[in-house]
Amino acid sequence: MTTGPQDGLVAQWWATAVSRIEPGIIELREHPVQDLIGHATFVETIWLLLRGELPRPEQAQLLEAALVAGVDHGPQAPSIAAARMAATCGIGLNSAVATGVNMLGDVHGGAGQQCVELLDQIVQQHARNGEFELTVAKAVGEWQARSRYLPGFGHRFHPRDPRRDPLLALVDRAVADGLVEGAYLRAARAVETYLNRGREGKKPVPMNIDGATAVIYAELGFAAPLARGLFVLSRSVGILAHAWEETGQGRRNKSPMPPSMVPVHLVVPTSPA
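In this text, residue positions in the sequence shown follow this note's numbering: the first is 215, and each later residue adds one.
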């Protein structure tokens, strides 16, 4: 088969450093896939594709902990509820999962990215002005001026998110071992302290899963948008499991409420002509 200028144009148009596919060749970031199979974990492969190199084992373990922590939060989570309802509509498992994933937006699923942005702001401004507590107060104030919700802190369901402490303990260990620097961990804890000043007798505002995983993603050097992308990968596991379970329930056209709770729509009679 002959090639011409158009072939080179197409190749340039789709040029990528992520993978190389040719007859008999599959490379991921210049690593032959046959060398990765059975040797690299799924988490290590995620890192490889996103970062261009394989992580150190300790880095992969820290990333894996964050991904495990975010896999599921029950059917009350909009993404999972939507996937379960979609699974009863005859659209197929892949479409049900896509339905759930497409629910992960700025309000539901985006807090991790937003928290990384907040922590980035604090770390970068502190590096410039050296006033840490004032930097924290200023950054929090700016965020609260835009929204009543501060990403990564407080939880509508948990008084204290059970995923928070084990994740932060892993970051503490990573800092002690010199794996990460700890600047984002310090910033997150400072925000938590600032939010809880003067709240004696009131409901505390602890860091939540989005804050704890934001610390991990930021400490590992992932850009803020990837915090959301990595959360999507994590939550997709729970969405898949719930959608698959729902397919075995035998329901059709599942609504948000059980049929016995759905109000009967009264037909208002029309006036006689």
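Backbone N, C-alpha and C fix where the C-beta goes; we use that ideal spot for every residue, glycine too. The structure presented is a predicted model; accordingly, all values stated were derived computationally and were not measured.
Helix, strand or coil: how does DSSP classify isoleucine 251 here? Working through the sequence shown from its first residue, we reach residue 251 at position 37. DSSP places isoleucine 251 in coil when its eight states are reduced to three.
Is the separation between the beta-carbon of alanine 225 and that of leucine 384 shorter than 8 Å? Residue mapping note: residue 225 aligns to position 11 of the sequence shown, counting from 1. Residue mapping note: residue 384 aligns to position 170 of the sequence shown, counting from 1. Their beta carbons are not under 8 Å apart, which means alanine 225 does not touch leucine 384 by this criterion.
Counted within 10 angstroms of its Cβ, other Cβ atoms place methionine 471 as buried (16 or more) or exposed: Position 257 of the sequence shown holds residue 471. Exposed, since its Cβ has fewer than 16 Cβ neighbours within 10 Å.
May I ask which residues mark the beginning and end of the beta strand (DSSP E) holding glutamate 345? Here residue 345 refers to the residue found at position 131 when the sequence shown is read from its first residue. Element bounds for glutamate 345: n/a, residue is neither H nor E.
Would you give the residue range spanned by the beta strand (DSSP E) that isoleucine 239 belongs to? Looking up residue 239 in the sequence shown gives position 25. Unbroken beta strand (DSSP E) run through isoleucine 239: 239–242.
Inter-residue spacing [alpha-carbon to alpha-carbon] between arginine 510 and valine 419: The question about residue 510 has no answer here: the residues shown for the chain are numbered 215 through 487.
Going by DSSP in three states, methionine 421 sits in which element: helix, strand or coil? Counting from 1 along the sequence shown, the entry for residue 421 is found at position 207. Note: methionine 421 maps to strand in three-state DSSP.
Nearest to leucine 333 by CA position, among Pro271, Lys352, Gly266, is which residue? The count along the sequence shown starts at 1 and reaches residue 333 at position 119. If we check each option's Cα against that of leucine 333, Lys352 comes out closest.
Secondary structure at histidine 340, three-state DSSP: helix, strand or coil? Here residue 340 refers to the residue found at position 126 of the sequence shown. Looking at histidine 340 - three-state DSSP - the assignment turns out to be helix.
Inter-residue CB distance, valine 394 and leucine 434 (contact presumed, cutoff 8 Å): Position 180 of the sequence shown, counted from the first residue, corresponds to residue 394. Position 220 of the sequence shown, counted from the first residue, corresponds to residue 434. Contact flag correct, Cβ pair sits at about 7 Å.
In terms of alpha-carbon separation, which member of Asn316, Val330, His245 lies closest to tyrosine 398? On the sequence shown, residue 398 is found 184 positions in, with the first residue counted as 1. Out of Asn316, Val330, His245, Val330 has the C-alpha closest to the C-alpha of tyrosine 398.
Delimiting residues of the beta strand (DSSP E) encompassing serine 233: As a working mapping, residue 233 is identified with position 19 in the sequence shown. Per DSSP, serine 233 belongs to the beta strand (DSSP E) from 233–236.
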